[in-house]
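Structure first, commentary second.
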Amino acid sequence: MVIANSINLSDKAQWVWRETLAIHRRAPETRIASSLSSIEIFVALYYGGILEFDPKEPFWDMRDRCVISKGHGSICMYPILAELGYFPRSELQRVCQTGSFLGGIPDPVIPGYETINGSLGHGLGVATGMALGLRRKKHPRSVFVVCGDGEMHEGANWEAIMFATQHGLDNLHLIVDDNKTAMLDYTDNIISNQDLAARLEAFGWQTVRCDGHDPDALQNVLAQMKSTNSGQPKALLASTIKGRGVPGLENQPLAHILNPKRELLDSLLGDSGND
Amino acid sequence: MIKPRAMRDALLENIWHAMDSNEKIFFVSADFGSPVLDRIRSDHPDRFVNVGVAEQNLINVSAGLALEGFQVFAYAIAPFITMRCFEQIRVSLALLSEVRQMNVNLIGVGAGYSYVMSGPTHQCYEDITLMRSLPNFQIFSPADHKVAGSLFQRCVDQSGPKYLRLDAQVLPAIYEDDAPSMERGFHVHQAGDTTCVMATGYMLHTALEIAASFRQQGIELGVIDLFDLARFNQADLIAVLRKYTHLVSMEEGFHGRGGMDSLLFELIARHDLDLRMLNLGIDGKYRFELGSRVELHEKAGIGPVAAAKRISAFLER
Chain A
1 MVIANSINLS
11 DKAQWVWRET
21 LAIHRRAPET
31 RIASSLSSIE
41 IFVALYYGGI
51 LEFDPKEPFW
61 DMRDRCVISK
71 GHGSICMYPI
81 LAELGYFPRS
91 ELQRVCQTGS
101 FLGGIPDPVI
111 PGYETINGSL
121 GHGLGVATGM
131 ALGLRRKKHP
141 RSVFVVCGDG
151 EMHEGANWEA
161 IMFATQHGLD
171 NLHLIVDDNK
181 TAMLDYTDNI
191 ISNQDLAARL
201 EAFGWQTVRC
211 DGHDPDALQN
221 VLAQMKSTNS
231 GQPKALLAST
241 IKGRGVPGLE
251 NQPLAHILNP
261 KRELLDSLLG
271 DSGND
Chain B
1 MIKPRAMRDA
11 LLENIWHAMD
21 SNEKIFFVSA
31 DFGSPVLDRI
41 RSDHPDRFVN
51 VGVAEQNLIN
61 VSAGLALEGF
71 QVFAYAIAPF
81 ITMRCFEQIR
91 VSLALLSEVR
101 QMNVNLIGVG
111 AGYSYVMSGP
121 THQCYEDITL
131 MRSLPNFQIF
141 SPADHKVAGS
151 LFQRCVDQSG
161 PKYLRLDAQV
171 LPAIYEDDAP
181 SMERGFHVHQ
191 AGDTTCVMAT
201 GYMLHTALEI
211 AASFRQQGIE
221 LGVIDLFDLA
231 RFNQADLIAV
241 LRKYTHLVSM
251 EEGFHGRGGM
261 DSLLFELIAR
271 HDLDLRMLNL
281 GIDGKYRFEL
291 GSRVELHEKA
301 GIGPVAAAKR
311 ISAFLER
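Heads up: the protein sequence lines correspond to chains A and B, in order. Heads up, the first sequence is in our numbering, so the first residue is 1 and it goes up one at a time. Heads up, the second sequence is in our numbering, so the first residue is 1 and it goes up one at a time.
Below you can see the structure in the form of structure tokens.
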């Protein structure tokens, strides 16, 4: 299933933003700030016609593989997967509750997730193995990986980056949610990723940067990336804002571990949440 | 008499033969070779890959290939394939295989002191403990190339992650005819009077040597090869152990730190077996001295002389 172009991606992203905040209001255990920076990336992938998938058959062989390595920062995937039909929407009411499969860090017990996530720096390597497997099977589908920028500090990523270049895995697409903030500080104050594009290019990757909060731009760039097969793996650095749209989280180096107050969430959502 | 042979050659030869007809087999090496591996990479370049000196990526790439339906054999030196990348093993093999079907077989070469001259970085005394801690993992510790070779069929027949702990040295064959039953997971080499020696890997050779010397003194030691350290037939093993009053464990790994000895303690405690136990393994110390494997074993307390003395003292208690 590929969603047609008739969907207004900005409207969809706004809806996902609201749904994500509402989930966090019900389940404050979820990490909200990093889930707000990746919304438009996932909207472009799932609603922008980039990924092939079948919600009724999550492991359909002809799907594109989407590995969501930044586990905590993908709570925004819950409303997306529910709306697409991977699981009933009623599950969104039970996030982080006893008996729910929707936890604070998503794992492949959730239909639509491929791998174990959240322990950072594992997704790209596993995705690289999947890309190699697809290539050796002469399988036409692609692999997409969504990582955080802080996650790029993990050395295992760079083993995978070198490997993907060596094997010309142009069916592999890395999307970095570049919100420039890890857990305790801005990445510039820890290990800066300012020259991440140059580093990836020096390692033999094609890179492109775009506004990670413009879903139409993301859609265009991702479509172009997917259709370009020049023997190089590809990376999109999506410039994003951690905690986007929530006063007190935006531009706050500790945004990862902060929870907005209930009153603020009520006012942002325009209701009291007693639904 | 069967010619001595490296365990990895026996296993890799079976993999190489099977790759002709089984297109699902994929072999991944972390820049580690063998003469048989040369045949695999020249005959099947599309299903062989060398990830380089990068064990974390060895595990991740193997996991990704397994998710795409390949039966993966990942190959490296034992301490590196278990310890350098332990969290990759935990997350993308042990944990992921809880929810997704995947067949990844980690072949670690260099059990115990088998890289004699390379020192403690290349020797491996902690891996049984570590791999035992992971649910969903099968663990095999063969004592000769016959068992190592026969593990191949188990690896392709049963899904899930597995760890194969192979010796780096060419050892004499213990199993002259057929390899023992894989289903049972252990093999009784000889029955004893009151005392049974349970050995795994290389230590089976030492155990049999000690049993032969005890026989000359009129003492029959039972000797059991425990080559499956995770899914051996517990009921069968307990039935065998009930005949004894004394049990000696012999492993080429640290003792008292969660290895095969712990496995036996747990078994004995759970089933109320009335057994005295002596654990022979490497004492908790890293050694930089050089010497033959037997010399190193004697220093560590598990050589034929040192172990025989400790078993004699144990029997007199």
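Yeah, the Cβ is synthetic: ideal placement off N, Cα and C, and Gly gets one too.
Worksheet item: Within the 8 Å Cβ cut-off, does R136 of chain A reach chain B?
Response: yes
Practice prompt. Identify every run of the beta strand (DSSP E) within the stretch 95 to 165 of chain A, keeping only runs that are complete inside it and at least 3 residues long; order them along the chain.
Written response: 143 to 148
Practice prompt. Find the residues of chain A that neighbour L130 of chain B, judging by a C-beta separation of less than 9 Å, and give them in chain order.
Written response: Those within 9 Å of L130 of chain B in chain A number zero; the least Cβ separation is about 17 Å.
Worksheet item: What whole-angstrom Cβ distance do N60 of chain B and V126 of chain A have, given they're in contact under 8 Å?
Response: 5 Å
Discussion item. 8 Å is my cut-off, CB to CB: does E83 of chain A come that close to chain B?
Written reply: no
Worksheet item: Just curious, the alpha helix (DSSP H) that K309 of chain B is in, first and last residue?
Response: 304 to 316
Item to complete: Name, going along the chain, the residues of the stretch 88 to 109 of chain A whose beta-carbon falls closer than 8 Å to a beta-carbon of chain B.
Response: D107, P108, V109
Item to complete: Work out the CA separation of H173 of chain A and Q361 of chain A for me, nearest whole Å.
Response: This structure does not reach residue 361 of chain A, given that chain A is present from 1 up to 275, and the question cannot be answered.
Item to complete: Work out the CA separation of A217 of chain A and A44 of chain A for me, nearest whole Å.
Response: 9 Å
Item to complete: Report yes or no: do the stretch 69 to 84 of chain A and the stretch 115 to 133 of chain A share at least 3 C-beta pairs separated by less than 8 Å?
Response: yes
Worksheet item: Would you call the stretch 78 to 98 of chain A and the stretch 14 to 29 of chain A in contact, with 3 or more CB pairs under 8 Å?
Response: yes
Practice prompt. Quick one: residues in its chain with C-beta nearer than 7 Å to the C-beta of A197 of chain A, no 5 flanking neighbours on either side, listed in chain order?
Written response: T207, R209, L237
Fill in: Alpha-carbon to alpha-carbon, Q169 of chain B and V197 of chain B
23 Å
Discussion item. Using C-beta distances below 7 Å, list every residue in its chain close to A308 of chain B, excluding the 5 sequence neighbours before and after it, in chain order.
Written reply: I210, S213
Worksheet entry | Contact residues within the stretch 142 to 163 of chain A, judged by C-beta distance below 8 Å to chain B | G155, A156, E159, A160, M162, F163
Worksheet item: Mind checking whether V146 of chain A and I41 of chain A have CB atoms under 8 Å apart?
Response: yes
Worksheet item: When the Cβ atoms of the stretch 74 to 90 of chain A are set against those of the stretch 50 to 69 of chain B, are three or more pairs found closer than 8 Å?
Response: no
Worksheet item: For Y46 of chain A, does the count of other Cβ atoms within 10 angstroms reach 16, so buried, or fall short, so exposed?
Response: buried
Worksheet item: Taking Cβ-Cβ distances below 7 Å as the criterion, which residues of the stretch 62 to 73 of chain A are in contact with chain B?
Response: none
Fill in: 8 Å contact criterion, which I40 of chain B and I81 of chain B should meet: CB distance rounded
Contact doesn't hold; Cβ gap of about 17 Å is too wide.
Practice prompt. For the beta strand (DSSP E) holding E251 of chain B, just list the boundary residues, first then last.
Written response: 246 to 254
Practice prompt. Reducing DSSP to helix, strand and coil, say where M225 of chain A ends up.
Written response: helix
Discussion item. Could you pull the DSSP bridge partners for P161 of chain B from this structure?
Written reply: B:V104
Item to complete: List the residues of chain B whose Cβ lies closer than 8 Å to the Cβ of A127 of chain A, in chain order.
Response: G64
Worksheet entry | Cα-Cα separation between S62 of chain B and L315 of chain B, rounded to whole angstroms | 47 Å
Worksheet item: Under 8 Å between the Cβ atoms of A143 of chain B and D225 of chain B?
Response: yes
Discussion item. Tell me which residues share the same chain as A199 of chain B and place their Cβ nearer than 6 Å to its Cβ, disregarding the 5 neighbours each side in the sequence.
Written reply: A207, M250
Discussion item. So if DSSP puts L278 of chain B in a beta bridge, which residue, or which two residues, is it bridged to?
Written reply: B:V248
Worksheet item: Along chain B, which residues have their Cβ under 9 Å away from the Cβ of G204 of chain A?
Response: Here the premise fails: no neighbours, minimum Cβ distance about 14 Å.
Worksheet item: How do the stretch 6 to 22 of chain B and the stretch 146 to 160 of chain B stand: do at least 3 beta-carbon pairs fall below 8 Å, yes or no?
Response: yes
Fill in: Interface partners of E68 of chain B on chain A, CB under 7 Å
M130, G133, L134, K137
Worksheet entry | Residues, ordered as in the chain, of the stretch 84 to 97 of chain B that lie near chain A by beta-carbon distance below 9 Å | C85, E87, Q88, R90, V91, S92, L95, L96
Fill in: 9 Å Cβ cut-off: residues of chain B touching T115 of chain A
A63, G64, L67, V91, S92, L96, R100
Fill in: Residue span of the beta strand (DSSP E) that contains A48 of chain B, given as start and end
Note that residue 48 of chain B corresponds to Phe in the displayed sequence, not to Ala. Unbroken beta strand (DSSP E) run through F48 of chain B: 48 to 50.
Worksheet item: Which residues in chain B sit within 7 Å of H122 of chain A, going by Cβ to Cβ distance?
Response: N60, Q88, V91, S92
Item to complete: Please look up how many angstroms separate the CB atoms of I139 of chain B and Q71 of chain B, rounded, as I've assumed it's under 8 Å.
Response: Rounded, the Cβ-Cβ distance is 18 Å, inconsistent with contact.
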